[in-house]
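There are 2 protein chains.
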Amino acid sequence: MTYVPSFALLEQLRAGNTWALGRLISRAEAGVAEARPALAEVYRHAGSAHVIGLTGVPGSGKSTLVAKLTAALRKRGEKVGIVAIDPSSPYSGGAILGDRIRMTELANDSGVFIRSMATRGATGGMARAALDAVDLLDVAGYHTIILETVGVGQDEVEVAHASDTTVVVSAPGLGDEIQAIKAGVLEIADIHVVSKCDRDDANRTLTDLKQMLTLGTMVGPKRAWAIPVVGVSSYTGEGVDDLLGRIAAHRQATADTELGRERRRRVAEFRLQKTAETLLLERFTTGAQPFSPALADSLSNRASDPYAAARELIARTIRKEYSNDLA
Amino acid sequence: MTYVPSFALLEQLRAGNTWALGRLISRAEAGVAEARPALAEVYRHAGSAHVIGLTGVPGSGKSTLVAKLTAALRKRGEKVGIVAIDPSSPYSGGAILGDRIRMTELANDSGVFIRSMATRGATGGMARAALDAVDLLDVAGYHTIILETVGVGQDEVEVAHASDTTVVVSAPGLGDEIQAIKAGVLEIADIHVVSKCDRDDANRTLTDLKQMLTLGTMVGPKRAWAIPVVGVSSYTGEGVDDLLGRIAAHRQATADTELGRERRRRVAEFRLQKTAETLLLERFTTGAQPFSPALADSLSNRASDPYAAARELIARTIRKEYSNDLA
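Protein chains in written order, with full-length UniProt numbering: chain A, 1 to 327; chain B, 1 to 327.
Below, the structure written as structure tokens:
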């Protein structure tokens, strides 16, 4: 099979080819260098879709909610893209399929594109790849893109916040709300959802969240938007339309306001940071290029130390890689 | 409380002060810049201790084995340092205490120093910090240092391999051996241990591992050392002395041989890479320093793209940071 250049795939993607969309997401995920100019162009043309970051601790009912939201958006005629980030499965090296299986009913709908991505290793490349995937879906014409992440781990929480509207899902009971606070998940919410609100103990969680909000935990730039708490039952369908209404209201509140500009600037900074990490680390990853044997030797003889050797390695590599920028 | 300079702590550490040892490990873990020159000096003076990397999938009985090995080494009069790396607990932000609790009997022994470290975030700083901690224990006069990691996740496996002798623990049953192969754990072993060998199904695991080894899965630089498979029962104590004998034999086989030099060069390369990652990423971590507002603005306006902006950010930052090295 011949390698289709990424710009050719991009043209096919714009013509509605979902195979090309999938290929480009895979290249973004793998960090293929050839795909970067195409992804850079994609970024410059993206920004039309509404990106919903949706997160919550495991068991909070995120995936079921995503399915319900997607079904409701489809009824309104919107095309929906879903990027689901699962915790890395060390044994399979791939994403756990649970979320995907729960979404089979949607998977046969040509107006829905679902992509599971694994959280990979320790290079922070997951955030960059997920946001590249969101842009690809945007340029491919999906109106709403749901970026679903597990609300555990700094990167997973941050990437859900790198969206237009962040929805944090809490389930009643089990002290989830306390765990979530500790994980730093609750504080990123533009909208709180209490799932499984058909359950008796849901009211307690609703009250707890509302009280937390009035206690002024959520101050700062968010004050221009009153964070709502929405009860949702994926079982009865209660609250799903209310939630969509709140999401639309948040979109409007951030469309052309200082609140929105500030948010987009923060997302851009996050994106910049994660991309810089990717570009830097790929030069220093085992196997990418052999290090200087002399550096490694002086280190293994303890004639040098890791900090001095690393500075030298960085200066050397960077001088070569970034000589044009540095000139 | 006044801040004690790291070089002052280092002097106290050399005089046998374990409080100073703990403080310096904490500074290495936190990535305190002030501690770096001291840690660099520590590296240059380390290398006397024998470092045992010990890993295995969860439930393989690693921690119990570490306790048994430590007790046996103590009987021989050796001082033992233990660095245990637990999976990051997203809720507490700290290490899970299970391993530490299992070691309480050792914790009261002044010839044993135990330190649990969390695996932090996505910056790869864990490996660097753990190896700095090993050096500190080395310079503090501990004869054997056990670096225990969970054999799940690339970094955790690699750091166990950044040692003088790597011991991989497998438990009988449960298909662990297959899981471990997939995780890339088995291939790093200098010595295989089958734990819980008082159990009926242990023989099967012993045979499987031996067969795998004769099938030539383990070729390459390891050929100069025949990888043994040792059955150990922490319950009956069987095999612990045998294991210590094998570890001593491996130490001798690598002391002043090409096999050992090659290994130390590989460990040095790994160390160099992880330290370079730390030095690079800390410049680009949110909050460390504000990014150029102009860069973030052009990105949020989509007048630029993340790759172009990241290259500019890197070139700019690096030029400032590494101007002496680049001159």
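Glycine residues also receive a C-beta, built at the ideal position from the N, C-alpha and C atoms.
If we define contact as Cβ-Cβ less than 8 Å, is residue i a contact residue for chain B?
{"i": "residue 43/A", "result": "yes"}
{"i": "residue 163/A", "result": "no"}
{"i": "residue 251/A", "result": "no"}
{"i": "residue 148/A", "result": "no"}
{"i": "residue 29/A", "result": "no"}
{"i": "residue 10/A", "result": "no"}
{"i": "residue 272/A", "result": "yes"}
{"i": "residue 308/A", "result": "yes"}
{"i": "residue 275/A", "result": "yes"}
{"i": "residue 189/A", "result": "no"}
{"i": "residue 238/A", "result": "no"}
{"i": "residue 269/A", "result": "yes"}
{"i": "residue 294/A", "result": "no"}
{"i": "residue 256/A", "result": "no"}
Could you check where the beta strand (DSSP E) with residue i kicks off and where it finishes?
{"i": "residue 148/A", "result": "144-150"}
{"i": "residue 52/A", "result": "50-56"}
{"i": "residue 231/B", "result": "229-231"}
{"i": "residue 26/A", "result": "Element bounds for residue 26/A: not the beta strand (DSSP E) but the alpha helix (DSSP H), 18-30."}
{"i": "residue 170/A", "result": "165-170"}
Within the 8 Å Cβ cut-off, does residue i reach chain A?
{"i": "residue 314/B", "result": "yes"}
{"i": "residue 55/B", "result": "no"}
{"i": "residue 248/B", "result": "no"}
{"i": "residue 311/B", "result": "yes"}
{"i": "residue 47/B", "result": "yes"}
{"i": "residue 305/B", "result": "yes"}
{"i": "residue 160/B", "result": "no"}
{"i": "residue 14/B", "result": "no"}
{"i": "residue 300/B", "result": "yes"}
{"i": "residue 95/B", "result": "For residue 95/B, the pLDDT reaches just 36, beneath the cut-off of 50, and the residue's location in the model is therefore unreliable, leaving the point undetermined."}
{"i": "residue 118/B", "result": "no"}
{"i": "residue 33/B", "result": "no"}
Grouping DSSP H, G and I as helix and E and B as strand, with all else coil, what is residue i?
{"i": "residue 114/A", "result": "strand"}
{"i": "residue 84/A", "result": "strand"}
{"i": "residue 298/A", "result": "helix"}
{"i": "residue 237/A", "result": "coil"}
{"i": "residue 46/A", "result": "coil"}
{"i": "residue 207/A", "result": "helix"}
{"i": "residue 78/B", "result": "coil"}
{"i": "residue 132/A", "result": "helix"}
{"i": "residue 276/A", "result": "helix"}
{"i": "residue 218/A", "result": "Note that residue 218/A scores 48 on pLDDT, short of 50, meaning its location in the model is unreliable; the coordinates nonetheless yield the value given after this. Note: residue 218/A maps to coil in three-state DSSP."}
{"i": "residue 286/B", "result": "Confidence is the limiting factor: at residue 286/B the pLDDT is only 49, short of 50, which leaves the residue's position unreliable, though a coordinate-based value still follows. Three-state DSSP puts residue 286/B in coil, outside helix and strand."}
{"i": "residue 123/A", "result": "The predicted model places residue 123/A with a pLDDT of 48, which falls under 50 and marks its position as unreliable; any figure quoted below should be read in that light. In this structure, residue 123/A counts as coil in the three-state DSSP scheme."}
{"i": "residue 198/A", "result": "coil"}
{"i": "residue 307/B", "result": "helix"}
{"i": "residue 268/A", "result": "helix"}
{"i": "residue 226/A", "result": "coil"}
{"i": "residue 109/A", "result": "coil"}
{"i": "residue 59/A", "result": "coil"}
{"i": "residue 159/B", "result": "helix"}
{"i": "residue 185/B", "result": "coil"}
{"i": "residue 256/B", "result": "coil"}
Assuming residue i and residue j make a contact with CB atoms under 8 Å, what is their CB distance in whole Å?
{"i": "residue 55/A", "j": "residue 168/A", "result": "6 Å"}
{"i": "residue 8/A", "j": "residue 135/A", "result": "So it is not a contact: roughly 18 Å between Cβ atoms."}
{"i": "residue 81/B", "j": "residue 162/B", "result": "That pair is no contact at about 15 Å."}
{"i": "residue 199/A", "j": "residue 300/B", "result": "Not confirmed; about 41 Å, so no contact."}
{"i": "residue 233/B", "j": "residue 197/B", "result": "5 Å"}
{"i": "residue 305/A", "j": "residue 133/B", "result": "Not confirmed; about 15 Å, so no contact."}
{"i": "residue 191/B", "j": "residue 149/B", "result": "No, residue 191/B and residue 149/B are not in contact; Cβ-Cβ is about 16 Å, not under 8 Å."}
Would you kindly report the start and end of the unbroken alpha helix (DSSP H) that includes residue i?
{"i": "residue 194/B", "result": "Not the alpha helix (DSSP H): residue 194/B falls in the beta strand (DSSP E), residues 191-194."}
{"i": "residue 64/A", "result": "62-75"}
{"i": "residue 6/B", "result": "6-14"}
{"i": "residue 34/A", "result": "Here residue 34/A belongs to no alpha helix (DSSP H), and DSSP marks it neither H nor E."}
Is the beta carbon of residue i within less than 7 Å of some heavy atom of the ligand NAP?
{"i": "residue 27/B", "result": "The ligand NAP is not part of the structure shown, which contains no ligands of any sort."}
Problem - Any 3 or more C-beta pairs closer than 8 Å across the region 270-283 of chain B and the region 228-239 of chain B - result: Verdict: no, contact absent.
Practice task
Take every Cβ of the region 58-71 of chain A, pair it with every Cβ of the region 31-43 of chain A, and state whether three or more of those distances are shorter than 8 Å.
Solution key: As far as the Cβ criterion goes, the region 58-71 of chain A does not touch the region 31-43 of chain A, which means the pair count is below three.
Exercise for the section: Could you tell me whether the region 232-247 of chain A touches the region 271-278 of chain B, where touching means 3 or more Cβ pairs closer than 8 Å? Expected result: The region 232-247 of chain A makes no contact with the region 271-278 of chain B: fewer than 3 CB pairs, one atom from each, lie closer than 8 Å.
Problem - the region 248-268 of chain A contacting the region 202-214 of chain A, beta-carbon criterion three pairs below 8 Å - result: Note that the region 248-268 of chain A does not touch the region 202-214 of chain A; fewer than 3 beta-carbon pairs, one per stretch, sit closer than 8 Å.
Exercise for the section: Determine contact between the region 252-260 of chain B and the region 138-157 of chain B, defined as no fewer than three beta-carbon pairs at a distance below 8 Å. Expected result: When C-beta atoms of the region 252-260 of chain B are compared with those of the region 138-157 of chain B, fewer than three pairs fall below 8 Å, so the two segments do not count as touching.
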